[in-house]
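Under the working numbering, the letters of the sequence shown match residues 128 to 455, in that order. A virtual CB, placed ideally from N, CA and C, is assigned to each residue, including glycine. The structure displayed is predicted, hence computed values, not measured ones. This report refers to the structure that appears directly beneath it.
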Amino acid sequence: MRHGGDLAEAGAAFGVPPQGWLDLSTGVNPYAYPLPPFSSESLTRLPQKAALAALLAAARRAYGWAEDTPVCAGPGSQAMIQLLPYLRYRKTVVVLGPTYGEHAYQWARAGHEVREARTLGEIGEPDVVVVVNPNNPTGRIASPKALAKVAEGLAARDGLLVIDEAFADTNPDVGFGGRLNGRKAIVLRSFGKFFGLPGVRLGFAAGDEEMVTELAAELGPWPVSGPALEAGAAALSDEAWISSMRLRLSVEAMRLDDLLGESGFTIIGGTDLFRTARHARASEVHAALARAGVWTRRFEERPDELRFGLPGDDAAHERFAAALRAAA
128 MRHGGDLAEA GAAFGVPPQG WLDLSTGVNP YAYPLPPFSS ESLTRLPQKA
178 ALAALLAAAR RAYGWAEDTP VCAGPGSQAM IQLLPYLRYR KTVVVLGPTY
228 GEHAYQWARA GHEVREARTL GEIGEPDVVV VVNPNNPTGR IASPKALAKV
278 AEGLAARDGL LVIDEAFADT NPDVGFGGRL NGRKAIVLRS FGKFFGLPGV
328 RLGFAAGDEE MVTELAAELG PWPVSGPALE AGAAALSDEA WISSMRLRLS
378 VEAMRLDDLL GESGFTIIGG TDLFRTARHA RASEVHAALA RAGVWTRRFE
428 ERPDELRFGL PGDDAAHERF AAALRAAA
């Protein structure tokens with residue numbers, strides 16, 4: 128399974144550029160949250176239950192989940208994606224695609240019968256439905272109202288709706304939020320993307336009490352490191368930073384749109400953390416950018432598409448602009 132952010136792959140194929148890599152392959156916020164120093168206790172003591180409770184409370188507030196919504200934390204939402212399929216007996220699973228490849232892969236790996244649907248109207252009557260919302264890499268959005276209807280249909284046959292909201296922080300209206308309670312649904316959240324801290328490895332699962340309880344049991348008594356507990360609680364509670372960053376990313380995404388359009392790309396989707404665009408020579412452009420030290424996300428199954436994260440500050444933007452003009 129290929130992912131963005133693999134600079135070892137980039138270096139092996141194109142060498143290491145003298146100025147280092149400008150990595151646009153991940154969709155991670157280039158403006159990382161300014162973390163305060165970690166306490167010495169976060170490293171010298173086992174993670175404390177009180178700190179975990181504080182983190183979960185901060186997550187409920189930040190993501191619009193009710194105070195009594197079952198929530199667990201783990202080392203990134205990827206950990207939940209891999210564990211969830213093993214908490215259900217073998218079922219029929221529909222993944223709304225094309226989307227993040229780990230979902231179909233992990234459900235199939237656990238022995239489930241998996242197929243892909245392109246719209247909610249095509250899902251039929253499976254036991255499990257997986258929706259990435261907003262979608263990666265297309266940016267497609269399913270309304271919370273439409274997803275609630277899917278969840279109700281699944282509940283009637285003891286099914287489960289899994290909603291991956293890894294890129295929902297920039298658009299809070301997309302979040303399933305307060306609709307969770309009482310529904311057979313699980314919402315996954317990634318901390319690292321919006322806060323620009325993927326190395327912290329922190330994510331959340333919320334919703335169906337039975338599934339959240341089982342996930343927490345599988346993750347064990349210390350599911351999150353001490354530094355991650357402090358980082359998550361601080362960032363998720365900083366409402367002023369969150370609000371200003373949403374505005375900043377919206378402006379940066381429009382700036383990226385202009386640059387891609389000027390270079391002959393047709394934007395076909397995305398969020399305020401990335402854009403997916405089509406170009407007749409996308410593979411050639413990808414290679415030319417890589418030779419200039421700019422790493423983008425390509426798709427073997429869709430060779431005319433590339434995904435671009437936000438470059439970041441003015442110097443990074445100008446470096447990308449120069450490389451893109453020369454490549455395209």
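Residue 451 and residue 400 do not touch by the CB rule: their CB atoms are close to 18 Å apart, not below 8 Å. Taken in chain order, the complete beta strand (DSSP E) segments of 3 residues or longer contained in the segment 266 to 317 are 287 to 291, 312 to 317. Counting every other CB atom within 10 Å of its CB across the protein chains shown gives residue 422 a total of 16 or more, marking it as buried. Cβ contact annotation for residue 351 (same chain, cutoff 8 Å, sequence separation greater than five): 174, 179, 182, 200, 201, 202, 329, 359, in chain order. In the DSSP assignment, residue 451 falls within the alpha helix (DSSP H) that extends over 441 to 454. For residue 400, the three-state secondary structure derived from DSSP is coil.
In this structure, the alpha-carbon of residue 419 lies about 29 Å from that of residue 372. The Cβ-Cβ distance between residue 446 and residue 158 does not fall below 8 Å. A Cβ-Cβ separation of about 6 Å places residue 288 in contact with residue 277 under the 8 Å criterion.
Counting C-beta atoms within 10 angstroms of its own C-beta, residue 349 has fewer than 16 neighbours from the protein chains shown and is therefore classed as exposed.
Of the residues assessed, residue 336 falls on the exposed side of the cut-off, its CB having fewer than 16 other CB atoms within 10 angstroms. Between residue 433 and residue 425, the beta carbon gap of about 6 Å places them in contact (Cβ cut-off 8 Å). According to the DSSP assignment, residue 201 belongs to no alpha helix (DSSP H) but to the beta strand (DSSP E) extending over 198 to 201. According to the DSSP assignment, residue 433 belongs to no alpha helix (DSSP H) but to the beta strand (DSSP E) extending over 432 to 436. Setting aside the 5 residues that flank it on each side, residue 238 is surrounded in the same chain by 217, each with a C-beta closer than 6 Å to its C-beta; the list follows chain order.
Taken in chain order, the unbroken stretches of beta strand (DSSP E) that lie wholly in the segment 160 to 232 and span 3 residues or more are 198 to 201, 219 to 223. For residue 331, the enclosing beta strand (DSSP E) begins and ends at 330 to 334. Taking residue 315 as reference, the option from 304, 322, 324 with the minimal CA-CA separation is 304. Under the DSSP assignment, residue 243 falls in the beta strand (DSSP E) whose first and last residues are 240 to 244.
No Cβ-Cβ contact shorter than 8 Å links residue 235 with residue 243. The beta carbon of residue 132 lies closer than 8 Å to those of 150, 152, 153, 155, 325 in the same chain, with the five residues before and after it left out.
Between the alpha carbons of residue 265 and residue 258 lies a gap of roughly 12 Å. Within the segment 319 to 401, the complete beta strand (DSSP E) runs of at least 3 residues fall at 330 to 334, 393 to 398. Going by C-alpha positions, residue 298 is about 14 Å away from residue 291. Between the C-alpha atoms of residue 253 and residue 443 there is a straight-line separation of about 46 Å. Between residue 162 and residue 148, the CB-CB gap reaches or exceeds 8 Å. Shown here, residue 149 sits in a strand according to DSSP, grouped into three states. Distance check between residue 249 and each of 170, 145, 220 places 220 closest, using alpha-carbon atoms only. Exposure of residue 309 is indicated by the presence of fewer than 16 other C-beta atoms within 10 angstroms of its C-beta.
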